[in-house]
Amino acid sequence: MTKMTGKGSYRGVPFLIEDEQSQNGGRRVVTHEYPLRNDGLTEDLGKRLRHYSVSCLVIGDDHISQAEALVDALEADGAGTLKHPYFGTLEVRVDDYRMRHSTAHQRVTRFDITFLPALDSNAPEIAEDTAYSVLTEYESVLDSLADEFAEMVEDVSGFIESMVDNPLYRLADTTMGFIENVFEGVANTVSGLTAVKDKALSIKNRLYGLLLTPKVLARELQDLTKLNVKSAVNSQRQFVQHIVITDSIDTALNNLTSGKTEISKSTLDEMMAAKTNNVSESDILSRQFRNLHEQEIFDALMNKTTFLLKRLVLSTLAVEYGKAISDAVTESVAQKAVTESTVAGLIESKADVQRYITEVDEQLEAVILDNADAEQWKSYQVLEAYRLILLKDLRVRGERLANAVDITLKDTFPAVLLEYQHTGNAVTWKRLALRNGVAHPLFCLGGSTIEVLQ
1 MTKMTGKGSY RGVPFLIEDE QSQNGGRRVV THEYPLRNDG LTEDLGKRLR
51 HYSVSCLVIG DDHISQAEAL VDALEADGAG TLKHPYFGTL EVRVDDYRMR
101 HSTAHQRVTR FDITFLPALD SNAPEIAEDT AYSVLTEYES VLDSLADEFA
151 EMVEDVSGFI ESMVDNPLYR LADTTMGFIE NVFEGVANTV SGLTAVKDKA
201 LSIKNRLYGL LLTPKVLARE LQDLTKLNVK SAVNSQRQFV QHIVITDSID
251 TALNNLTSGK TEISKSTLDE MMAAKTNNVS ESDILSRQFR NLHEQEIFDA
301 LMNKTTFLLK RLVLSTLAVE YGKAISDAVT ESVAQKAVTE STVAGLIESK
351 ADVQRYITEV DEQLEAVILD NADAEQWKSY QVLEAYRLIL LKDLRVRGER
401 LANAVDITLK DTFPAVLLEY QHTGNAVTWK RLALRNGVAH PLFCLGGSTI
451 EVLQ
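Sequential numbering of the sequence shown, starting at 1, is according to the UniProt record's numbering.
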């Protein structure tokens, strides 16, 4: 009889093991051989799953009942616990087994069993395409902002029809003044924004027609805002121009709305509901504005238009800025190799991403709260959803970027030597010099601190 060397169990059913136990493994190698050629290639597809081959037996007068209990355990659904003196305790699944009875050996039933590891993650994990989610939400948020803007402008326009002659011209005057003060003023302040001036002029020339379709007007203003962001992002000054543009637009908007009171959305909704129910305009005005003359009421409605324009521009500016940061991360992640011509980009490291995450979050949070205060709930909801998706995208993809390490120089070195010492690659010395604002690449001054990408 074969020598028995120990005890084991599967799903708590005991057995005795024999002297030969085996474990198979290796790599999943595929060979490629081609006709009429004396060579070929092999391809490694990864590690092969281990196979545990167990030779065991049950013995005794009741060996038949013991064997049946072990068979039930081997054929049970799911994974089970294998306890083995050589392999230890493993969670396994049964691949196959063979049970043998022999007339030569009474009171014994033998088994040959093959076990496989019980791995739950048996397929590649599905990774969310966060960049695509940002792109999808980006289009959705701009469309929703334009929708709510158009709805409220139509409400204002519909109510002032009975108050003044040619209400379209009054709205056009307000909108034209807004464009001249905000966009043309910014174009005159910041150099290189010729496209912005041309676009603003085009909108002014078509303004009366655009006011008949307020959503088209909103999309035109969004495109105009996009030009401001695009001109900043494409520069190599790390959004310095964007900061100037944002400050200029914010100042112009604050000057336009300074000292003006905005009609709440709930008040405007009540006015439109009353008009829909055929309540006379005089009754509506007396109910909502007891202490105001008709001209003051008209001015308040025009001010509402200005506030709507302001909110649309600021919201679009924040959305476009976030989209530009996401695009910069995409460009940095896609850059697999660096050469001597590689220069410092807008976002190159995890630290860069964290810095811009803070800026984007602050800008979006400001416009989200502004829309909430103005009771523009549709805009509030889509902006908040966009903010969450964008921040998730930046955090997830930012992990793929290099680490930035601060190095304090003990002596003066050339940039090419420092890049080689800390990265093992000297060809990217220009990026090091540009990133750290080194005046002359031969002299990285001792005592200064530089940032190196690793």
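Every residue, glycine too, gets a C-beta built ideally from N, C-alpha and C.
What you are looking at is a predicted structure, and each value in this text was computed from that prediction instead of being measured.
Tyr-420 and Gly-26 have their C-alpha atoms roughly 39 Å apart. In this structure, Val-58 and Leu-74 do not form a Cβ contact; the two beta carbons are roughly 12 Å apart against a cut-off of 8 Å. Between the beta-carbon of Glu-148 and that of Lys-378 there is about 5 Å, and that keeps the pair under the 8 Å contact cut. Inclusion of Leu-417 and Val-367 in the CB contact set at 8 Å is not warranted, their separation being larger than that value.
Using a C-beta cut-off of 8 Å, the stretch 210 to 219 makes contact with the stretch 137 to 156, since at least three inter-stretch Cβ pairs fall below that distance. For Ala-318, the CB contacts under 6 Å within the same chain, skipping 5 residues up- and downstream, are Gln-363, Leu-364 and Val-367 in chain order. Excluding its 5 nearest sequence neighbours in each direction, Lys-304 has C-beta neighbours in its own chain below 8 Å: Met-152, Val-156, Glu-262, Ile-263 and Leu-268, listed in chain order. DSSP, read as helix, strand or coil, puts Glu-75 in coil. The distance from the Cβ of Pro-85 to that of Gly-8 is about 6 Å, consistent with a contact at the 8 Å cut-off. In this chain, Val-360 is not harboured by any beta strand (DSSP E); it is covered by the alpha helix (DSSP H) spanning 350 to 373. Around Asn-371, the same chain offers Ser-379 and Tyr-380 as residues with beta carbons nearer than 6 Å, after the five sequence neighbours per side are excluded. In the DSSP assignment, the residues bridged to Gln-23 are Tyr-52. Nearest to Val-360 by alpha-carbon distance, out of Val-13, Tyr-386 and Val-196, is Tyr-386. For Leu-82, no alpha helix (DSSP H) run applies; the uninterrupted beta strand (DSSP E) run containing it begins and ends at 80 to 84, by DSSP.
Taken atom to atom, the span from the alpha-carbon of Gln-376 to that of Leu-207 is near 24 Å. By the neighbour-count criterion, in which a residue is buried when 16 or more other Cβ atoms sit within 10 angstroms of its Cβ, Lys-260 is exposed. Under the three-state reduction of DSSP, Thr-109 is assigned to strand.
Within a 10 Å sphere around the beta-carbon of Ala-104 sit fewer than 16 other beta-carbons, which makes this residue exposed. The C-beta distance from Leu-383 to Val-141 rounds to 6 Å, short enough to fall under 8 Å. Straight-line spacing of the CA atoms in Phe-307 and Thr-257 works out to 7 Å. Under DSSP, Phe-15 takes part in a beta bridge, and its partners are Gly-8. The continuous stretches of beta strand (DSSP E) do not include Leu-36, and DSSP gives it neither H nor E. Scanning its chain for C-beta atoms nearer than 7 Å, with the 5 sequence neighbours on each side dropped, one finds around Ser-22 the residues Ser-53, in chain order. Val-30 sits exposed, since fewer than 16 C-beta atoms from the chains shown fall within 10 Å of its C-beta. Taking Arg-11 as reference, the option from Val-94, Ile-17, Asp-62 and Gly-177 with the minimal CA-CA separation is Val-94.
For Asp-155, the enclosing alpha helix (DSSP H) begins and ends at 130 to 160. Judged by DSSP in its simplified three-state form, Asp-299 adopts helix. Spatial neighbours of Thr-408 in its own chain (CB-CB distance under 7 Å, excluding positions within 5 residues in sequence) are listed in chain order as Thr-449.
The C-beta distance from Lys-215 to Ala-150 rounds to 4 Å, short enough to meet the 8 Å contact threshold. The straight-line gap separating the alpha-carbon atoms of Ser-133 and Glu-320 is approximately 15 Å. Inclusion of Ala-324 and Ile-347 in the CB contact set at 8 Å is not warranted, their separation being larger than that value. Excluding five sequence positions before and after Asp-96, the CB atoms of its chain that fall closer than 8 Å to its own CB belong to Ile-113 and Thr-114, given in chain order.
Lys-204 is not a Cβ neighbour of Ala-374, given a cutoff of 8 Å. Sequence-distant partners of Leu-168 (beyond 5 residues in either direction) whose C-beta falls short of 8 Å from its own C-beta, in its chain, are Ser-157, Tyr-208, Leu-211 and Leu-212. With a 10 Å radius around the Cβ and a threshold of 16 neighbouring Cβ atoms, Asp-120 comes out exposed.
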